[in-house]
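Undergrad: Under this note's numbering, the letters of the sequence shown match residues 59 to 374, in that order. Each residue gets a CB set at the ideal place from its N, CA and C atoms; glycine is no exception.
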Amino acid sequence: MAYSRRATHAGSWYEASSAALKSAIEGYFAVASKSSVNENESLIGVISPHAGISYSGMTAAHAYVKMRDYIYGPKGSCVTRIFVLGPSHVKWFDGVEVCEARQYETPFGPVCVNSAVAGGVGQALRSAGVPVGTMDRSTDEEEHSIEMQLPFLAYVLNYPPNGCPPAKDRIELVPLLIGDTTRAMEEAIGVVLAEHFRDKQNLFVMSSDFCHWGSRFRYTYHYEREKYPEIGDAIIAMDHEGMRLLEGRDVEGWYRYLSATKNTICGRRPISVAVAALCANKKAKVSFVHYSQSNRCRNLTDSSVSYAAAVITEDV
Numbered sequence: 059m060a061y062s063r064r065a066t067h068a069g070s071w072y073e074a075s076s077a078a079l080k081s082a083i084e085g086y087f088a089v090a091s092k093s094s095v096n097e098n099e100s101l102i103g104v105i106s107p108h109a110g111i112s113y114s115g116m117t118a119a120h121a122y123v124k125m126r127d128y129i130y131g132p133k134g135s136c137v138t139r140i141f142v143l144g145p146s147h148v149k150w151f152d153g154v155e156v157c158e159a160r161q162y163e164t165p166f167g168p169v170c171v172n173s174a175v176a177g178g179v180g181q182a183l184r185s186a187g188v189p190v191g192t193m194d195r196s197t198d199e200e201e202h203s204i205e206m207q208l209p210f211l212a213y214v215l216n217y218p219p220n221g222c223p224p225a226k227d228r229i230e231l232v233p234l235l236i237g238d239t240t241r242a243m244e245e246a247i248g249v250v251l252a253e254h255f256r257d258k259q260n261l262f263v264m265s266s267d268f269c270h271w272g273s274r275f276r277y278t279y280h281y282e283r284e285k286y287p288e289i290g291d292a293i294i295a296m297d298h299e300g301m302r303l304l305e306g307r308d309v310e311g312w313y314r315y316l317s318a319t320k321n322t323i324c325g326r327r328p329i330s331v332a333v334a335a336l337c338a339n340k341k342a343k344v345s346f347v348h349y350s351q352s353n354r355c356r357n358l359t360d361s362s363v364s365y366a367a368a369v370i371t372e373d374v
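#1: Considering leucine 208, what are the terminal residues of the alpha helix (DSSP H) in which it resides?
#2: How about isoleucine 236 and valine 154: are their beta carbons less than 7 Å apart?
#3: Please report how far the alpha carbon of asparagine 260 lies from the alpha carbon of alanine 318, in whole angstroms.
#4: Quick check on the DSSP output: the alpha helix (DSSP H) that includes serine 330 runs from which residue to which?
#5: Measuring CB to CB, does valine 175 end up less than 7 Å from valine 214?
#6: Any idea if cysteine 355 is buried or exposed, counting beta-carbon neighbours within 10 angstroms, 16 or more meaning buried?
#7: Looking at threonine 138: is its Cβ nearer than 7 Å to the Cβ of arginine 228?
#8: So lysine 343 is in the beta strand (DSSP E); what residue range does that whole segment cover?
#9: Does the ligand NAP have a heavy atom nearer than 6 Å to the CB of phenylalanine 255?
#10: Return yes when the Cβ of phenylalanine 262 is within less than 7 Å of the Cβ of methionine 301, no when it is not.
#11: Between the C-alpha atoms of alanine 182 and alanine 252, what's the straight-line distance to the nearest angstrom?
#12: So, helix, strand or coil for tryptophan 271, using DSSP?
#13: Buried or exposed: where does cysteine 376 fall if 16 or more other Cβ atoms within 10 Å of its Cβ makes it buried?
#14: Pick from Val374, Pro328, Asn353 and Asn357: whose alpha carbon is nearest that of glycine 144?
#15: Can you tell me which of the three DSSP states serine 266 falls into?
#16: DSSP three-state label for aspartate 373, please.
#17: Restricting to Cα atoms, I'd like to know which of Arg283, Glu84, Val374 and Ala88 is closest to asparagine 339.
#18: From aspartate 198 to valine 148, what does the alpha carbon distance come to, in whole angstroms?
#19: Count the other CB atoms within 10 Å of the CB of serine 70; is the residue buried (16 or more) or exposed (fewer)?
#20: With 16 other CB atoms within 10 Å as the buried threshold, where does arginine 274 fall?
#21: If contacts are defined as beta-carbon pairs under 8 Å, then alanine 90 and alanine 119 qualify, I think. What distance do you get, rounded to the angstrom?
#22: Sorted by chain position, which residues of the same chain lie with C-beta nearer than 8 Å to phenylalanine 87's C-beta, five sequence neighbours on each side aside?
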């Protein structure tokens with residue numbers, strides 16, 4: 059049954075007050091507003107982190123400020139849907155779960171879900187042999203990977219630049235939760251979503267943090283120890299190697315990297331789905347625009363989470 063998905067992380071992971079949240083995001087955007095998508099490019103989507111806003115908000119803003127400028131620019135006026143692909147942190151399942159919520163509540167007001175498109179994607183995935191389920195309300199409201207994109211998305215839809223009419227009435231969400239997937243499954247999902255990636259009415263958000271390092275994450279791998287004896291340097295270098303492979307669209311290199319390092323990129327599956335969906339698009343380009351960490355690790359008792367933002371564009 060369709061439901062209104064509550065903003066369950068408001069008041070803890072981000073501000074519950076619309077005024078306070080607006081002020082915080084405006085502060086991030088003011089710093090991030092350095093460049094827009096090139097006039098010779100169209101935006102396909104972004105990679106954005108999903109930690110508490112005080113940790114990853116600045117990094118996320120570097121992606122969303124470009125999305126805002128695009129949506130309210132001449133090329134983005136046709137955008138009517140934003141797909142959000144998030145990894146599951148709250149339960150294990152194979153394949154994909156489709157959201158049944160009719161809307162996502164936010165401090166800025168609700169954002170509607172396009173249930174017809176979400177259902178159609180689910181049917182197409184089943185036909186392709188991908189396990190597909192329905193995201194129940196408790197899973198949806200406990201999971202943060204999709205919700206943590208909503209403060210930025212709702213801000214963009216409600217507060218346009220330069221006196222433009224708000225996009226909140228023309229743009230809907232298509233949330234998809236990505237579970238445990240093999241490479242073959244990611245490729246199958248990518249094939250199904252490829253037509254949606256090509257559709258200029260759509261934008262995509264791949265929700266992902268990067269390395270989760272420390273004993274509390276059960277991950278203390280020291281990447282290229284001889285080259286980077288300081289663990290803080292090694293973590294940064296390891297993340298940037300993954301980013302370099304994505305920017306180079308080196309699919310085989312990306313999968314080898316994940317296998318070799320086991321880097322705890324929680325959204326590696328949504329990212330890999332996007333890699334598969336864009337495989338045939340030779341004009342697509344991935345550009346990382348910001349990187350940060352919650353902490354710089356110095357020894358085995360430390361921990362950190364890395365955050366990276368990217369924009370995916372296409373030459374036109």
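TA: Let me spell this out:
#1: That run of the alpha helix (DSSP H) goes 208-216.
#2: In this structure, valine 154 lies closer than 7 Å to isoleucine 236 by Cβ.
#3: Between asparagine 260 and alanine 318, the C-alpha separation is close to 34 Å.
#4: 326-335 is the span of the alpha helix (DSSP H), which, as asked, contains serine 330.
#5: No. Outside cutoff.
#6: Around the beta carbon of cysteine 355, 16 or more other beta carbons lie within 10 angstroms, which makes this residue buried.
#7: Note that the C-beta distance between threonine 138 and arginine 228 is below 7 Å.
#8: Counted as a single uninterrupted DSSP element, the beta strand (DSSP E) harbouring lysine 343 occupies residues 342-351.
#9: As presented, the structure is devoid of all ligands, the ligand NAP included, so that no description of it is given.
#10: Contact: no.
#11: If you draw a straight line from the Cα of alanine 182 to the Cα of alanine 252, it is about 12 Å long.
#12: Correct three-state label for tryptophan 271: strand.
#13: Lying before the first or after the last residue shown, residue 376 is absent from the chain, which here runs from 59 to 374.
#14: When only C-alpha atoms are compared, the closest one is Pro328.
#15: Coil.
#16: In the structure shown, aspartate 373 falls within a strand segment according to DSSP collapsed to helix, strand and coil.
#17: By alpha-carbon distance to asparagine 339, the top candidate from Arg283, Glu84, Val374 and Ala88 is Val374.
#18: Going from the Cα of aspartate 198 to the Cα of valine 148 covers about 9 Å.
#19: Counting the other CB atoms within 10 Å of its CB gives serine 70 a total below 16, which places it among the exposed residues.
#20: By the neighbour-count rule (16 or more Cβ atoms within 10 Å), arginine 274 is not buried but exposed.
#21: Right, the Cβ-Cβ distance comes to about 4 Å (below 8 Å), so this counts as a contact.
#22: Excluding residues within five positions, the ones whose Cβ falls inside 8 Å are Ala119, Tyr122, Val123 and Arg126.
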